[in-house]
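Numbering (this note's numbering), first residue to last: 166 to 645. Virtual Cβ for every residue (Gly too), placed ideally from N, Cα, C. Just so we're clear, the structure is a prediction, and the values are computed from it rather than from any experiment. The structure appears below as structure tokens.
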């Protein structure tokens, strides 16, 4: 494994970036096939104005002082964004930070220019500047928005929130509760630890000390007895892979049911067991609440000391619901796959080798390189690098099967921007086929996924353990 320190470049200026395009040879020209968004329009009306700024947040006595955090609203958690399937959405990002930022709309199928990846799909939004995002969401479900500039530090300090895209016909639930799960790398005095620790970045990643849901420690939600709850779970943490279970001490036979993964309804509703869910992943579950005064707990069991993530307590008048009231969610409009004519592309996720190419890595992202995709490590996209080639080049309109092989001893949640892929099979475990945009690839495992390359552009693909992303496990595909 290579531990490579990089040259000290804090950022690439816009002028240098735009000038750099002319210097790229044919090998690197693909990155400019789709013009980068430069904020050339103003939306008719912004649904949301999101102001990236430094704020303070009191974690309810779990640390001695209010913490210095980043948010999109002053001294409040990042807002829940609500969209409507098939209706235009507009958001204005204002940057009141002291460094650039962007917003990536994680899991949403949208035009490439709106994907929010600096130096790949848009220019960074510099301090005091703004940028307008505009797209029409095709799909309903639970999604995620977050910064994609210096993302390890900016997400660690708070710039990550949930998105609910409502179905055209709203499903029949009594409660709809979002849970944004994350650690904070913050001590009792409100001070942050290092966002990147080389020893742990080269392994599973660095875990935070303060564990929260919706920026609260083990929140308890009041719900109606015998009601149907849609619990939307997002892991926005930069490292932790959760193993979740629903527990009802008064009724050991109580069950939750999984109804959607990564925003997409699953083919067959199934009982929830102990479910692994990693950074960037979402899972919607249905819960039938217990009688008056009783509590259901959501626990993380990924460590030898399980803890309560959140809980639901029944209070009020019974809704008299039964499991037979639960109906499948409407499917999202995804075109069928041509698996017979699909082309196979292979990707190996590995430790970096000593034969590291000079990819012009920008050390605003990381000092070290530990990881690679197909033996190439990219810690940060530098547009002035003549070696900046796509990890794979695809043809518009074709179906592809990606074989993700993990040759490391760590699990990697691999996220592909801009597309839903169909998780087909694994060499290590039985997987029920389902649509997703992020998939856990376990040690020594190959997972096969398929998708239609139906949108032009350059689309990032990376491990969503952000210390892994920033230390090499990043690439991009080009659809042309």
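Residue environment: residue 446 is assigned as buried (16 or more neighbouring CB atoms within 10 Å of its CB, all protein chains considered). DSSP places residue 633 in the helix class (H, G or I) of the three-state scheme.
Under DSSP, residue 236 takes part in a beta bridge, and its partners are 218. The residues 344, 345, 346, 384, 474, 475, in chain order, have a CB closer than 7 angstroms to that of residue 378 in the same chain once the five nearest residues on each side in sequence are set aside. Counting along the chain, residue 343 sits inside the beta strand (DSSP E) bounded by residues 340-349. Out of 438, 485, 488, the CA that lies nearest to the CA of residue 465 is found in 438. Contact between the stretch 265-284 and the stretch 349-363 is not established, with fewer than three Cβ pairs separated by less than 8 angstroms.
Look at the beta carbons and you see the stretch 454-462 not touching the stretch 363-377: under three pairs across the two are nearer than 8 angstroms.
In this structure, the beta-carbon distance from residue 322 to residue 234 falls below 9 angstroms. In this structure, DSSP gives residue 604 an extended state, which the three-state scheme calls strand. Membership of residue 559 in any alpha helix (DSSP H) is not indicated; the residue belongs instead to the beta strand (DSSP E) covering 557-559. The Cβ atoms of residue 282 and residue 625 sit closer than 9 angstroms to each other. Under the 8 angstroms Cβ criterion, the stretch 326-338 counts as touching the stretch 248-265, having at least three qualifying pairs. Assignment of residue 502 by DSSP, reduced to helix, strand and coil, places it in the coil class.
In the DSSP secondary-structure assignment, residue 541 is bridged to 538.
Looking from the CA of residue 492, the closest CA among 326, 389, 287, 431 belongs to 431. Our two residues, residue 407 and residue 256, have alpha carbons roughly 31 angstroms apart in a direct line.
Under the DSSP assignment, residue 319 falls in the alpha helix (DSSP H) whose first and last residues are 316-321. Short of 8 angstroms from the beta carbon of residue 292, and not among the five residues preceding or following it, lie these beta carbons of its own chain, in chain order: 260, 261, 262, 263, 264, 265. Here residue 602 is buried. Its C-beta has 16 or more other C-beta atoms within 10 Å. Around the beta carbon of residue 288, 16 or more other beta carbons lie within 10 angstroms, which makes this residue buried.
If you ignore the 5 residues before and after residue 594, its C-beta comes within less than 8 angstroms of the C-beta of 607, 610, all in its own chain and listed in chain order. Under the three-state reduction of DSSP output, residue 363 falls in the helix class. Sequence-distant partners of residue 392 (beyond 5 residues in either direction) whose C-beta falls short of 7 angstroms from its own C-beta, in its chain, are 339, 340, 454, 484, 486. Within the DSSP secondary-structure output, residue 582 pairs in no beta bridge. A check of alpha carbon separations from residue 213 across 304, 238, 597, 220 identifies 238 as the nearest. Around residue 229, the same chain offers 353, 354, 355 as residues with beta carbons nearer than 8 angstroms, after the five sequence neighbours per side are excluded.
Straight across, the Cα-Cα distance linking residue 564 with residue 311 is about 29 angstroms. Beyond the five residues adjoining it in sequence on each side, residue 575 comes within less than 6 angstroms, by CB distance, of 369 in the same chain, given in chain order. Its chain contains 439, 464, 466 as the residues whose beta carbon lies nearer than 6 angstroms to that of residue 410, once the 5 sequence neighbours on both sides are disregarded; these appear in chain order. Excluding sequence positions up to five before and after residue 498, its CB lies within less than 8 angstroms of the CB of 303, 304, all in the same chain and listed in chain order. Close CB contacts of residue 381 within its chain, under the 7 angstroms cut and outside five residues either way in sequence, are with 225 (chain order). With a beta-carbon spacing of about 6 angstroms, residue 617 and residue 502 fall inside the 8 angstroms limit used to define contacts.
DSSP places residue 269 in the uninterrupted beta strand (DSSP E) bounded by 269-271.
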